[in-house]
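All remarks here apply to the structure that follows.
Numbering (the working numbering), first residue to last: 2 to 82.
Here it is in structure tokens:
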């Protein structure tokens, strides 16, 4: 995520509970402090939104409760000697 999309991600986090009630399981497009649209797939969200907004200026986010839609956990069995 580029630094300029931090505002959009913070907006998502602040309104996540509200978004889950309205859009659970959908992809939303956020630009600045506004939801531009909702879509069934991330691809659809990018393709449609990029027709009217420059790539890199909007955030596509899967709406779901908790943090699983925006975090990843990696496990390793590597040992360092």
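Beta carbons are placed, not taken as given, at the ideal position from N, Cα and C, and that holds for glycine.
Distance between beta carbons of residue j and residue i, contact taken as under 8 Å
i: residue 25; j: residue 65; result: 7 Å
i: residue 13; j: residue 63; result: Wrong, their Cβ atoms sit about 10 Å apart, outside the cutoff.
i: residue 38; j: residue 47; result: Their Cβ separation, rounded to whole angstroms, is 11 Å, which puts residue 38 and residue 47 out of contact at 8 Å.
Residues that residue i bridges to, as DSSP identifies them
i: residue 31; result: 36, 60
Whether residue i touches residue j by CB criterion (8 Å)
i: residue 42; j: residue 28; result: yes
i: residue 23; j: residue 9; result: no
Three-state class that DSSP yields for residue i in the structure shown
i: residue 71; result: coil
Between the CA atoms of residue j and residue i - distance to the nearest angstrom
i: residue 68; j: residue 78; result: 24 Å
i: residue 71; j: residue 54; result: 23 Å
i: residue 82; j: residue 19; result: 48 Å
i: residue 21; j: residue 36; result: 13 Å
i: residue 34; j: residue 57; result: 15 Å
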